[in-house]
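This report refers to the structure that appears directly beneath it.
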Amino acid sequence: MLAVDVEKRLGDFSLSARFKSDNGVTAVFGPSGAGKTTLTNTIAGLITPDRGQITFDQTVLFDSQTRINLPPYRRQIGYIFQEGRLFPHLNVRHNLDYGRRMRGLAADFSELERIIRLLDIGHLLERRPGKLSGGERQRVAIGRALLMRPRLLLLDEPLASLDVARKREILPYLERLRDEVGVPMVYVSHQAAELRRIATSVVRLEGGRVTTAGGIGVLDAADADAAW
Amino acid sequence: MLDLSPDEWIAIRLSLRIAIVATFVALPFGIAVGWLLARKSFWGKTLLDGLVHLPLVLPPVVTGYLLLISFGRRGPIGAFLADYFGIVFSFRWTGAALACGVMGFPLMVRPIRLAIESIDRRLEEAAATLGASRVWVFATVTLPLALPGLIAGVVLCFAKALGEFGATITFVANIPGETQTISAAIYTFTQVPSGDAAAGRLVLVAIAISLAALIAAEALSRRAGMRFHGE
Chain A
1 MLAVDVEKRL
11 GDFSLSARFK
21 SDNGVTAVFG
31 PSGAGKTTLT
41 NTIAGLITPD
51 RGQITFDQTV
61 LFDSQTRINL
71 PPYRRQIGYI
81 FQEGRLFPHL
91 NVRHNLDYGR
101 RMRGLAADFS
111 ELERIIRLLD
121 IGHLLERRPG
131 KLSGGERQRV
141 AIGRALLMRP
151 RLLLLDEPLA
161 SLDVARKREI
171 LPYLERLRDE
181 VGVPMVYVSH
191 QAAELRRIAT
201 SVVRLEGGRV
211 TTAGGIGVLD
221 AADADAAW
Chain B
1 MLDLSPDEWI
11 AIRLSLRIAI
21 VATFVALPFG
31 IAVGWLLARK
41 SFWGKTLLDG
51 LVHLPLVLPP
61 VVTGYLLLIS
71 FGRRGPIGAF
81 LADYFGIVFS
91 FRWTGAALAC
101 GVMGFPLMVR
111 PIRLAIESID
121 RRLEEAAATL
131 GASRVWVFAT
141 VTLPLALPGL
151 IAGVVLCFAK
161 ALGEFGATIT
171 FVANIPGETQ
181 TISAAIYTFT
191 QVPSGDAAAG
201 RLVLVAIAIS
211 LAALIAAEAL
221 SRRAGMRFHG
231 E
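Note that the protein sequences, when read in sequence, are chains A and B. Numbering (the working numbering) for the first sequence: 1 to 228. Numbering (the working numbering) for the second sequence: 1 to 231.
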């Protein structure tokens, strides 16, 4: 279980978020500028909060009172960014292998096979990221994050930079991820339709504050607000 | 073909050795300073930046003289290194390499700094989330992505080291077989009535080496660039 209770000031913006999420897919939902990426960056350890605690299962990732702040590379949290962020100087195979090598894990070919099949990226292995389409790049980014064997997966608008056809291409993979891989996920998006397909619970973030949290019914309430 | 005399060969070999040693000893410092200037803000950064670039704007004779009084046998640094490590610079080829390295250093730091500044830091964040500590992020993401800049820096520094004259001759004089580089040898030949032919041969050699270095650098950086875009 992920428990977050953090405060962070960044210029005019302030994030003050508290929520808990069970295993499954927790959607962080809200308009742009709500602080969604700031929130995921604090969970990943890329931004240090001013105050608060972040714990995952038994591990304290951050605690301002006891001055615990695990660096990102020790948090074991996979992060799928909006723009993929594949390493341009490495081919797909080495991109996929990067996390395993950095974490010093033994090579696990059956796991590699499984992820490659899950994401249909077997034909891309020798290519460089520059030669991939947007959808292919995002699938490789998902595979790269999974192969570092994360205990939690953060997805920050993983479909936002893709056109409608590419979104349709990726969404089924994300559903398979939820149903077959079993790693808890925090899924950030401003699109209710996308979240309805993938999320099991929803945290609604507005202006840096959590306004509602609950089941996917929260999304319907948001639609009703938007209608007004 | 050029019919080079043994003395001319000695000057050529010495020049190459001095330029190569100067460049590769300077490289780790060049990377460190380039990284510091690109990434860190600290007290005295402007001063460091100025200090690094000083040899570029100072008269080379001044740089050579400063090296002489600090790294010479009676200079504070030179005496220390000679007494405790047995490293002697004055009137040795090592001194010529030091002078060439100092003169080439600003040319090396600049492209490295620019290359590091242009790296997308979000890639480094991605590497960190994948389990890479800061040192590993630097070794596996920052350095490879800065490679075209590193190559440019190495070539510029090498070219400068190969042609350096003023600081070298001021610091370690013009001793055949020890500190007489191609440039110094050409200068010597132009001072004697019968030296035109020898000077001309060495001029051709200098042009050939510089051109070869430029072509090699172009090919290398093209390959490095292709790694980011091609297969």
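Yeah, the Cβ is synthetic: ideal placement off N, Cα and C, and Gly gets one too.
Check	Outcome
Bridge partner(s) assigned by DSSP for residue 26 of chain A	A:186 and A:201
Cross-chain neighbours of residue 233 of chain B in chain A, by beta carbon under 7 Å	The structure shown has nothing for residue 233 of chain B, since chain B only spans 1 to 231.
Partner residues on chain A for residue 122 of chain B, Cβ-Cβ distance less than 9 Å	81, 83 and 85
CB contact below 9 Å: residue 129 of chain B versus chain A	yes
Chain-ordered neighbours of residue 145 of chain B on chain A, where CB pairs are closer than 9 Å	87, 88 and 89
Residues that residue 154 of chain A bridges to, as DSSP identifies them	A:79 and A:186
Option in B:170, B:135 and B:146 with minimal Cα separation from residue 88 of chain A	B:146
Bounding residues of the alpha helix (DSSP H) (the contiguous stretch that carries residue 19 of chain A)	Taken as a continuous stretch (DSSP letters only), residue 19 of chain A belongs to no alpha helix (DSSP H), being part of the beta strand (DSSP E) at 13-21.
Contact residues within the region 45-73 of chain A, judged by C-beta distance below 9 Å to chain B	45, 46, 71, 72 and 73
Residues near residue 128 of chain A in its chain [Cβ-Cβ closer than 6 Å; skip 5 each side]	91
Same chain, Cβ closer than 7 Å to residue 167 of chain A, neighbours up to 5 away in sequence not counted	159
Which residues DSSP lists as bridging residue 69 of chain A, in chain order	A:62
Segment contact, 8 Å Cβ cut-off, at least three pairs: the region 150-157 of chain A with the region 185-202 of chain A	yes
Option in A:195, A:203, A:3 and A:13 with minimal Cα separation from residue 62 of chain A	A:3
Spatial distance of residue 117 of chain B from residue 204 of chain B (CA atoms)	38 Å
Partner residues on chain A for residue 178 of chain B, Cβ-Cβ distance less than 8 Å	Those within 8 Å of residue 178 of chain B in chain A number zero; the least Cβ separation is about 43 Å.
C-alpha gap between residue 106 of chain B and residue 52 of chain B, whole angstroms	6 Å
Residues that residue 125 of chain B contacts on chain A, provided the C-beta gap is smaller than 9 Å	41, 44, 46, 72, 79, 81 and 85
Spatial neighbours of residue 110 of chain A in its chain, beta-carbon cut-off 6 Å, leaving aside the 5 residues before and after	none
Residue span of the beta strand (DSSP E) that contains residue 131 of chain A, given as start and end	That residue, residue 131 of chain A, is in no beta strand (DSSP E); it is neither H nor E in DSSP.
Alpha-carbon spacing of residue 102 of chain A relative to residue 170 of chain B, whole angstroms	50 Å
Endpoints, the alpha helix (DSSP H) within which residue 127 of chain B is located	121-129
Supposed close pair residue 22 of chain A, residue 201 of chain A - CB separation, criterion 8 Å	7 Å
Buried versus exposed call for residue 46 of chain B [16 or more other C-beta atoms within 10 Å across all chains shown]	exposed
Per-residue contacts from residue 148 of chain A into chain B (C-beta, under 9 Å)	129, 130 and 131
Own chain, CB closer than 7 Å to residue 230 of chain B, minus 5 neighbours either side, in chain order	Residue placement at residue 230 of chain B is poorly supported in this model, since its pLDDT is 45, which falls under 50; the coordinates are not used for a value here.
CB contact below 9 Å: residue 136 of chain B versus chain A	yes
Any C-beta of chain B under 9 Å from that of residue 99 of chain A	yes
Per-residue DSSP class, three states only, for residue 5 of chain A	strand
Any C-beta of chain B under 9 Å from that of residue 76 of chain A	yes
Integer Cβ distance of residue 121 of chain A from residue 143 of chain A, believed to fall under 8 Å	6 Å
Contact between the region 27-43 of chain A and the region 2-19 of chain A (3+ Cβ pairs under 8 Å)	yes
Test: residue 141 of chain B CB closer than 9 Å to a CB of chain A	yes
For residue 213 of chain A: DSSP bridge partner residues	A:203
Contact between the region 213-228 of chain B and the region 137-155 of chain B (3+ Cβ pairs under 8 Å)	yes
Alpha-carbon to alpha-carbon, residue 5 of chain A and residue 53 of chain A	5 Å
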